[in-house]
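Take any residue in the sequence shown, count from 1 to its spot, add 1: that is its number in my numbering.
No residue lacks a Cβ here, since even glycine has one placed at the ideal position from N, Cα and C.
Nothing here was measured: the structure is a model prediction, and the numbers come from that model.
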Amino acid sequence: MRRSFLIPVMLMALASTLVASDSPWSQSLSLGLNLSRGNTESTQFSGSYAGKRQYEMSQLSLKANGAFGEENNTKNTDNYAAEAKFRRTLSGRLFWYVNTTYESDNIASLDSRITVGPGFGYQFYESETTKYDIEGGLGYDREKYDNIPAEDGLGYRLAHNFEHHLSSTSKLWHEASVTGPADEGDAYVIKAELGVQSQLAGNLSLKSVLRDTYSNDPILGNKKNDITLSTFLVYSF
């Protein structure tokens, strides 16, 4: 239980060590903690790391996150994920990318979900305050649930990314993606994230994130929708 939650923490620590503070990377660490005591005893802890390096014609980004929670000594949250993405401009607003993700959710009996694949995208709009692009591609997908044989094969991915700076100290964003098998079946997974972040002082910010994961064909016992609302203290460096 605790070992699985340490994985994203180790990823964040490793990434922070590999990427020196004086390098051209933009990085942040986010931590969230909720405690309840009394009639109900609950503990919810979450953390994430994000790093991005911008080159002249390309961009490399790294992400890792995890969450752990208990209520009345019963585990009710235990998930983690990691993502790496390389993007390079082809010409004008057209770009290609390679994206890889890994995630696990012990509460949903998801042992692992892995996606690896290239794709193309188009930057519809980009200014000093607003960015919007879409992406799409094919790749390798592998999904493994507890006590169920793994399923893998050719998969597709469609996504969009929107970011808008409300002011010099605050921003909001929306990201969404849909993935599924390209060769057979009609199962798919939609992930959406809506967030807002505002600077408190110096390198410290406050961030609220609403995440929704929807599976149209969940395994027996799981609900189709999984929604979380989290608030984090963010340190940027």
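On the DSSP bridge list, what partners appear for residue i?
i: Ser-113; result: Lys-145
i: Gly-156; result: Gly-140, Pro-182
i: Ile-191; result: Val-179, Tyr-215
i: Ile-135; result: Tyr-123, His-161
i: Arg-54; result: Trp-26, Leu-61
i: Lys-225; result: In the DSSP output, where bridge partners are listed per residue, Lys-225 has none listed.
i: Arg-88; result: Gln-60, Tyr-98
i: Ala-68; result: Ser-47, Asn-80
i: Asn-35; result: Gln-45
i: Arg-173; result: The question names Arg, but residue 173 in the sequence shown is Leu. Its beta-bridge partners are His-165, Val-197.
i: Phe-238; result: Its beta-bridge partners do not exist; DSSP assigns none.
i: Glu-104; result: Ala-82, Arg-114
By alpha-carbon positions, which one of the options ends up nearest to residue i?
i: Asn-74; options: Arg-38, Asn-80, Trp-97; result: Arg-38
i: Thr-130; options: Arg-114, Ser-105, Lys-172, Tyr-123; result: Lys-172
i: Pro-150; options: Glu-72, Asp-79, Arg-114; result: Arg-114
i: Gly-154; options: His-165, Gly-118, Phe-125; result: Gly-118
i: Thr-90; options: Gln-60, Asn-80, Glu-104; result: Gln-60
i: Tyr-98; options: Arg-158, Asn-80, His-166, Phe-233; result: Arg-158
i: Gly-138; options: Lys-132, Gly-156, Asp-218; result: Gly-156
i: Gln-28; options: Gly-186, Lys-132, Leu-205, Ile-191; result: Leu-205
i: Gly-186; options: Val-197, Glu-152, Asp-213; result: Glu-152
i: Leu-30; options: Lys-225, Lys-208, Thr-214; result: Lys-208
i: Lys-86; options: Glu-136, Gly-67, Glu-72; result: Glu-136
i: Glu-104; options: Tyr-146, Glu-71, Arg-94; result: Tyr-146
i: Lys-225; options: Lys-192, Leu-234, Gln-198; result: Lys-192
i: Asp-134; options: Arg-94, Gly-140, Leu-167; result: Arg-94
i: Tyr-50; options: Glu-42, Gly-67, Asn-80; result: Gly-67
i: Glu-144; options: Leu-167, Asp-112, Ser-128; result: Asp-112
i: Ile-220; options: Asp-213, Thr-232, Asn-148, Ala-202; result: Asn-148
i: Leu-32; options: Glu-42, Thr-44, Gly-48; result: Gly-48
For my contact list, residue i and residue j are in at a C-beta cut-off of 8 Å; report their separation, rounded to the angstrom.
i: Ala-65; j: Ala-83; result: 5 Å
i: Gly-122; j: Phe-96; result: 5 Å
i: Gly-140; j: Thr-170; result: With 8 Å as the limit, Gly-140 and Thr-170 do not qualify as a contact, their Cβ atoms being about 37 Å apart.
What's the C-alpha gap between residue i and residue j?
i: Thr-101; j: Ala-160; result: 14 Å
i: Leu-211; j: Glu-194; result: 6 Å
i: Leu-63; j: Gly-52; result: 5 Å
i: Met-58; j: Lys-76; result: 45 Å
i: Met-2; j: Ser-216; result: Note that Met-2 scores 41 on pLDDT, short of 50, meaning its location in the model is unreliable and no value can be drawn from it.
i: Leu-34; j: Ile-228; result: 17 Å
i: Tyr-236; j: Arg-54; result: 17 Å
i: Gln-200; j: Val-179; result: 31 Å
i: Ala-188; j: Asp-142; result: 12 Å
i: Ala-177; j: Tyr-56; result: 25 Å
i: Gly-222; j: Pro-25; result: 46 Å
i: Tyr-126; j: Trp-174; result: 14 Å
i: Asp-184; j: Val-190; result: 15 Å
i: Gly-120; j: Phe-46; result: 34 Å
i: His-165; j: Phe-69; result: 30 Å
i: Lys-132; j: Arg-88; result: 15 Å
i: Gln-124; j: Phe-238; result: 27 Å
i: Gly-196; j: Ser-92; result: 30 Å
i: Asp-218; j: Pro-182; result: 12 Å
i: Ile-8; j: Leu-234; result: In this prediction, Ile-8 scores a pLDDT of 48, lower than 50, which makes its location untrustworthy; no coordinate-derived value is stated.
i: Ser-168; j: Gln-198; result: 11 Å
i: Ala-202; j: Asp-79; result: 31 Å
i: Ser-43; j: Glu-72; result: 4 Å
i: Thr-232; j: Asp-106; result: 20 Å
i: Ala-21; j: Leu-230; result: Annotation note: pLDDT 49 at Ala-21 (below 50); position unreliable, no value reported.
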